[in-house]
Amino acid sequence: MNFVALRMLTGDRAKYFGLVFAIAFCTFLLENQTTIFANIMKRTASQILDVTDAEVWVMDPQTEYWEQTKPLKDTDLTRVRGVPGVRWAVRLFKGNPVARTLDGKFAVSFLIGIDDATLAGAPRKMLLGSWDRLREPDSVIIDQAGYILLFPGEPLALDRTLEMNDHRVTIVGISDVPAPFASLPVMHTRYSEAINFLGRERTQLSFIIARPDAEVSPAALTTRIHERTGLRARTTEEFMWDCIRYYLQHTGIPVNFGITIAVALIVGAVVAGQTFYLFTIENLKQFGALKAIGVTNVRLIAMILLQAFTAGTLGFSLGTGMAATFFEIFLHKLATRGIVLMWQCVALTGACIFFVVIVASVLSIRRVLVLEPAAVFRG
Amino acid sequence: MSATSDGLGVSCRDVRKHFGSGEARVEALRGVDFETRFGELSFLVGPSGCGKTTLISIIAGLLDRTGGELSVLGTNVDALSAHERVLFRRRNLGFIFQQFNLLPALTAAENVAVPLIAAGMSRRHAVDRANALLSRLGLGSRLTALPLTLSGGQQQRVAIARALVHEPRLVVCDEPTASLDHASGEAVMDLLAANAVRPGRTVIVVTHDSRVFHYAHSIAHMDDGRIVDVTRPDRRREPPRPAERPSAFEESYA
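Here it is as structure tokens:
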């Protein structure tokens, strides 16, 4: 009877497409909103994830997330290096100087100062130039979005000049780093240069990044560093989640997106669920005829579930395709760069959609099961 | 399951049925005695609301009765579980409805094949058998047509094929000619009489349509939930012409 169920489903094209597109749009809405939310949250940790050389981050015990730094003492680097299991540990500076072009255009920037000797933490995806050139004096690498912000409408070019804290700075590379949470230019330079570009404070060391020995896990090393130095040490992943958690707890972003997602879920669930329910109700007479003919209730339930599963799968696939296309189109736009459809969002949406379809099926099945087959004689 | 020794396909004794309770209680059947014989076409006639549909629903196992005794094809349906009743219905009963109740998304042949597929036959074999039967009923050129593209008479022929394809021993027809013009109604009754009325099989027809009464071996007249009269018409009589003025009897049921 499976073919009967499928033909009943697809027989009325208008109802069939209405049902599939209702589920597809619900899927699209949910995947769209959850993915944008998740990617925005992920952006809060972009600069952490971008440092692929290090696996452990060491910071002041009071530091909770990337934006909030309390400088460490220079001697802390030596203490960390002294912890058993540390293969290497280097300095990392993070500041927010104002970068100014010769035309007078300016923007607050993320300036990341990486270790002078090793250049550990340098951006690895370069669009123009080479990170090796950071060894040149007064040099910076700027990200593409920052470059476009400071030099709007101009082609990407090296050796252009910026001014930071009365220092003449030369752009020696243009990187393709993940977008930060705030849309500010991201610049990389050497540590010794960075502290000059921002203006001196008594202590400058924002973070220490480190890598454990081969036989030591990053998690074990963080525990050791904390025990021996009293400093806060986190693995890259832990630090990423610290940042995300901070924004979740201390900003209105999750509430605002949560409302949007909830509305999408409710509207989508109501539309998709009601469409499927009405679809079954409108076919009650046909189910009644099948009942009279001698089709068992178990078989009828299987038919309805097959219809629901088919419509749900088609709608979900179509909606996911729409969402993937949407993010593919916007992936290369400046404001939405790096926002990709996350499999977790697809899985979560899939679970929601199938929950809605199952609920609608159960309600539909109930109507069919209580349907008196004698009703078919009533015309 | 064999034919009953007394030749009765269906036997109702003092069958009662009421709906609702208290002041809303409606007595649909008030002690119906009704029987059909194998090899016969039995008509059940009467004014609207007299209980005809309720009675055939009970006979077909689609509705539970409130009281009385019922034997269908020699089987006491009370002794069957709900699931066994469904299987009994699937094996032994065929249905023809006033509104045809064909599945609009299936072709004529696929509609006819549904009872066979429901009984576990493969789709290919079932459709082959349906094709053969439809060809026999004069619809060989419309096998793949969808119901909505067929005329009323053709749809009812498909419905007859669906009711007969699994060779049921009891065929229950509810107003099979009501939605058809006179010629189509005659054609449908011809088909029914030629294909459904066989030894070991019995057919019950609920109808208002006095133009087809001449097909009946017996006519049970119902009124107010009771069988008030049973007649066995002279089947050698010529059927009335369409233009003939309706009889007083017809007018009373029209």
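If you read the sequences in order, they're chains A and B. Positions in the first sequence are counted from 1; adding 182 to them yields this note's numbering. Positions in the second sequence are counted from 1; adding 10 to them yields this note's numbering. Glycine included, each C-beta is placed from N, C-alpha and C at the ideal position. Computed from a prediction, not measured in an experiment: that's the story for all the values here.
Return the CA-CA distance between P334 (chain A) and V452 (chain A), expressed in angstroms with no decimal places. 46 Å
What do you reckon, are the CB atoms on D297 (chain A) and V272 (chain A) nearer than 9 Å? yes
At the level of alpha carbons, what is the spacing between A471 (chain A) and L116 (chain B)? If I take the Cα positions, the gap works out to 14 Å.
Helix, strand or coil: how does DSSP classify T492 (chain A) here? helix
I need the boundaries of the alpha helix (DSSP H) containing I377 (chain A), first residue and last residue. Y373 to L380
According to the neighbour-count rule (16 or more other Cβ atoms, all chains shown, within 10 Å of its Cβ), is Q165 (chain B) buried or exposed? buried
Rounded to a whole number of angstroms, what is the C-alpha to C-alpha distance between F3 (chain B) and E464 (chain A)? Examination of residue 3 (chain B) is not possible in this model, given that chain B is present from 11 through 264 alone.
Which of helix, strand or coil DSSP assigns to H28 (chain B): It is a strand residue.
Give a yes or no on whether the minimum CB-CB distance between A140 (chain B) and chain A is below 9 Å. no
I need the boundaries of the beta strand (DSSP E) containing H349 (chain A), first residue and last residue. H349 to S357
Taking Cβ to Cβ, would you say L488 (chain A) is nearer than 9 Å to F389 (chain A)? no
Listed in chain order, which residues of the stretch 403-430 of chain A have Cβ atoms closer than 8 Å to some Cβ of chain B? none
Which value, in whole angstroms, describes the spacing of the CA atoms of Y225 (chain B) and T187 (chain B)? Rounded to whole angstroms, Y225 (chain B) to T187 (chain B) spans 12 Å at the Cα level.
Starting from F421 (chain A), follow the alpha helix (DSSP H) in both directions and report where the run begins and ends. T418 to H432
Using a Cβ-Cβ cut-off of 6 Å (strictly less than) and excluding sequence neighbours within five positions of L97 (chain B), which residues of its own chain qualify? none
Return the residue from the list B:P57, B:F105 and B:A136 that minimises the CA-CA distance to I69 (chain B). B:F105
Kindly indicate if chain B contains any beta-carbon less than 9 Å away from that of P337 (chain A). no
Is the CB of L97 (chain B) under 9 Å away from at least one CB in chain A? yes
Presumed contact (8 Å Cβ cut-off) between L126 (chain B) and A136 (chain B), rounded CB distance: 4 Å
Just to confirm, are A376 (chain A) and S228 (chain A) a CB contact at a threshold of 9 Å? no
Of the listed residues B:A119, B:L147, B:Q109 and B:H93, nearest to L190 (chain B) (C-alpha basis): For the residues B:A119, B:L147, B:Q109 and B:H93, the minimum Cα distance to L190 (chain B) belongs to B:Q109.
Hey, out of A:I448, A:I483, A:V262 and A:L331, whose CA is closest to L516 (chain A)'s CA? A:L331
Cross-chain neighbours of N111 (chain B) in chain A, by beta carbon under 7 Å: K467, A471 and V558
Measuring alpha carbon to alpha carbon, tell me which residue in A:I426, A:L551 and A:G455 is nearest V480 (chain A). A:L551
Is the CB of T159 (chain B) under 9 Å away from at least one CB in chain A? no
Could you tell me which whole beta strand (DSSP E) segments of length 3 or greater appear in the stretch 301-342 of chain A? 308-311 and 321-325
So, is the C-beta of F223 (chain B) closer than 9 Å to a C-beta in chain A? Not an interface residue.
Thinking C-alpha only, which one of A:T260, A:L344, A:V262 and A:I230 is nearest Y247 (chain A)? A:I230
Measuring CA to CA, which of B:H192, B:D184 and B:L180 is closest to V163 (chain B)? The sequence given here has Gly at residue 163 (chain B), not Val. Comparing Cα-Cα distances from G163 (chain B) to each of B:H192, B:D184 and B:L180, the minimum goes to B:H192.
Would you say V124 (chain B) faces chain A, with C-beta separation under 9 Å as the test? yes
Here's the rule I'm using: 16 or more other beta-carbon atoms within 10 Å means buried, otherwise exposed. How should A89 (chain B) be labelled? exposed
Are the beta-carbon atoms belonging to V240 (chain A) and A392 (chain A) less than 9 Å from one another? yes
Going by Cα to Cα distance, which pick from A:F292, A:L284 and A:L212 is closest to A446 (chain A)? A:L212
Could you check what DSSP says for L51 (chain B) in three-state terms: helix, strand or coil? strand
Quick check: the Cα distance between M308 (chain A) and A490 (chain A), rounded to an integer number of angstroms? 49 Å
Please specify which runs of the alpha helix (DSSP H), each continuous and at least 4 residues long, are wholly inside the stretch 37-116 of chain B, giving them in chain order. Entirely contained in the stretch 37-116 of chain B, the alpha helix (DSSP H) runs reaching 4 residues are, in chain order, 62-69 and 92-102.
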